[in-house]
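Worksheet for the structure shown next.
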Amino acid sequence: MGMRKGPWSAEEDHILISHIQTHGHANWRALPKQAGLLRCGKSCRLRWINYLRPDIKRGKFSEEEQDSILKLHQSLGNKWSTIAARLPGRTDNEVKNFWHTHLKKKVHNANISGYSYTLQLQEAQASDGNGLASPSIVFCDAKLEENIGNHGSCQISEEMEFWYNVFIKSGQK
DNA sequence: AATGTCTTCAACCGCCACCGA
DNA sequence: GTCGGTGGCGGTTGAAGACAT
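For the first sequence, the working numbering begins at 18 and goes up steadily by one.
This is how it looks when you write it as structure tokens:
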């Protein structure tokens, strides 16, 4: 009762930061009362962890970070905190949001209208000096293969490049 | 310029696990 | 063993800005 909700003001941020810097955050539930904030402990904790912590890394996710999220999500599922723990400076909330707004679409598009495809390293490129090779496409659906063949550079070329970066460069097939 | 639609992301909610009494 | 308090997690929401018409 009497608790504030919604976006945090700059003043509230300042109060929370200075309180944690001088007293720490041993007890989140007691913290707002001690600091003089009209927020619940959970809200203070979330604000600190997701936004105010000094080691937060903000800004766009790098290609490497995106690759890591995809690979980790593939093996761990929606374990956002576990995934975030492997990305220094990133929070579970940030990773989760990025997944839902960017990566989920890419994964979805990779299975266009129910078509599935896989990437394979071309045998002939096995001798590639740096171990990298351009991806070839093995379509699981003959109709899609036919369509792609008919249209030359197709809509999924960007997707192919993306998955190439994710899987092929990391040595997966 | 006005209005509608879509996208993004900070914040909230409910649930669960853990811990000490 | 159980109970209450607390922290942490994942799913979801909604405000604000971006973009399209």
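Positions of the beta carbon are idealized from the N, C-alpha and C atoms, including for glycine. These numbers come from a predicted model, not from an experiment.
Query: R56 versus R75: straight-line alpha-carbon distance, rounded; Result: 24 Å
Query: Among P71, W45, A52 and Q51, nearest to S60 - alpha-carbon criterion; Result: W45
Query: Identity of the residue in E81, Q91, R64 and E80 nearest N110 by Cα; Result: R64
Query: Supposed contact pair E29 and L54 - C-beta distance, whole angstroms, cut 8 Å; Result: 6 Å
Query: Which of helix, strand or coil DSSP assigns to F115; Result: helix
Query: Check: Y68 C-beta below 8 Å from any heavy atom of the ligand FMN; Result: In the structure on display, the ligand FMN does not appear, and there are no ligands present to speak of.
Query: CA nearest to the CA of N67, picked from K121, M20 and A102; Result: A102
Query: Pairwise C-alpha distance: L89 and A27; Result: 35 Å
Query: Burial state of A52, where buried means 16 or more other Cβ atoms lie within 10 Å; Result: buried
Query: Top-ranked residue by Cα proximity to H119, from G106, I100, F78 and L104; Result: F78
Query: CB contact flag (T39, I73, <9 Å); Result: no
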